[in-house]
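**Student:** Residues 53 to 354 (our numbering) are what the sequence shown spells out, left to right. Glycine is no exception: its CB is placed at the ideal position from the N, C-alpha and C atoms. One structure, pasted below without further comment.
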Amino acid sequence: MLSDKKILITGATGQIGFPVARFLAEKNEVWGVARFTDEQNKQHLERLGVSTFTLDLNSNDYGTLPTDFDHVVHFAVFQGPVADYDLAISNNAEATGILMQHCRSAKSVLIASTNSVYKPNENPWHLYSESDPLGDSIVTHSPTYGISKISQEAVARTMSRVLDLPTTIARINASYGDNGGLPKYHCAAIAADKPITLRDSAPSPYSPIHETDLAQQVSHLLDAASTPATIVNWCGDEVVTAEDWCTFFGSLLGKTPQLLYENVPGSQSGGAADPSFRKSITGPCKISWMDGMATFTEHHVK
């Protein structure tokens, strides 16, 4: 468990960054970096004791942002609906290198990557492992996402070696919790009697991981940082299909989920990952998928 450390968190207003910042701020000096286009998000972090710093990470000038952080946790990410690869690679890959250069005196860095870096496997039940081939996995809401995150990993691996900066690259899979994530969006859609679109007509397996587990595992992943960089799947222990969690939500809400299927060429037919290496670093997850997902159905139940 981290305590009395100076920690920089990028993307501190995001779905994962915020609960991690909240958790770490209990016992550490946490700095949250973001663009802070919404002043309320900035104030929310500051009420938790987080020091905020407004910054575009893709800038060449980080101004007065301190350089003496013990640890860096990099969640900031660019996702956009337009196929502008230059923009995506600049924001996700180049910015990572600039950040690591600025924080080169840190003891360790945790880079948040994604399961979307893996080359799609035709078997929907395939568990992606860290040694699997990488490839351009198509994500409908952001066509540049997979390639730009592979680029980010390459930059992070290079900077780790050049700077002798211990680094962990953690490929996140289906994060969720009270602050958001795919399961929560599906729950809200079911509560509102709206249809849910899934990829392909096959089952849709994932390895969901709750925001509480993510927050509590940060310290272990920082401890595992190395040069060359440590690569690990940051996923849950249980394989769950989107169909199963939608059925679960329907049973709690007294609703019948409306599931639609869309063929997305080049996408992963399934999205589950092998947690074995992560478990050897962090131990098992503490939040089961049913317990974690039940919590955010409560406000929909009348």
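#1: Could you name the residues of the same chain whose beta carbon sits closer than 8 angstroms to that of Gly-335, not counting the 5 residues immediately before and after it, in chain order?
#2: Please report the residue range of the alpha helix (DSSP H) in which Leu-97 lies.
#3: Between which two residues does the beta strand (DSSP E) carrying Ser-165 extend?
#4: Pro-235: which of Thr-220, Asp-252, Ser-256 sits nearest, CA to CA?
#5: Closest to Pro-247 by CA distance: which of Asp-113, Pro-309, Phe-75 is it?
#6: Please list, in chain order, all residues of the same chain as Gly-302 whose beta carbon is under 7 angstroms from its beta carbon, the five residues on each side excluded.
#7: What residue range does the beta strand (DSSP E) around His-238 cover?
#8: Output the distance between the C-alpha atoms of Val-125 and Ile-199, rounded to the nearest integer angstrom.
#9: Counting C-beta neighbours from all protein chains within 10 Å, is the total for Asp-216 16 or more, i.e. buried, or is it exposed?
#10: Quick one: grab the DSSP three-state call for Glu-81.
#11: Assign Thr-219 to one of two classes, buried (16 or more other C-beta atoms within 10 Å of its C-beta) or exposed (fewer than that).
#12: Suppose contacts are defined by Cβ-Cβ distances below 8 angstroms. Is Arg-209 in contact with Ala-164 by that definition?
#13: Would you report the Cα separation of His-351 and Asp-343, rounded to the nearest angstrom?
#14: In three-state DSSP terms, what is Glu-290?
#15: Can you check whether the CB of Glu-205 is closer than 8 angstroms to the CB of Val-169?
**Tutor:** This is what the structure holds:
#1: For Gly-335, where only same-chain residues beyond five positions count, the Cβ hits under 8 angstroms are His-272.
#2: Here the alpha helix (DSSP H) through Leu-97 covers 91-99.
#3: For Ser-165, the uninterrupted beta strand (DSSP E) segment begins and ends at 160-166.
#4: Of Thr-220, Asp-252, Ser-256, the smallest CA-CA separation from Pro-235 is found for Ser-256.
#5: Of the candidates Asp-113, Pro-309, Phe-75, the one whose C-alpha sits nearest the C-alpha of Pro-247 is Pro-309.
#6: Excluding positions up to five away in sequence, the list reads Ile-242, Thr-308, Pro-309.
#7: That residue, His-238, is in no beta strand (DSSP E); its alpha helix (DSSP H) goes 234-243.
#8: Straight across, the Cα-Cα distance linking Val-125 with Ile-199 is about 21 angstroms.
#9: The residue is exposed, with fewer than 16 neighbouring Cβ atoms inside 10 Å.
#10: Correct three-state label for Glu-81: strand.
#11: It is buried - the Cβ of Thr-219 has at least 16 other Cβ atoms within 10 Å.
#12: Contact flag unset, no.
#13: In this structure, the straight-line span from the alpha carbon of His-351 to that of Asp-343 is close to 15 angstroms.
#14: DSSP places Glu-290 in coil when its eight states are reduced to three.
#15: Using a Cβ distance threshold of 8 angstroms, Val-169 and Glu-205 count as a contacting pair.
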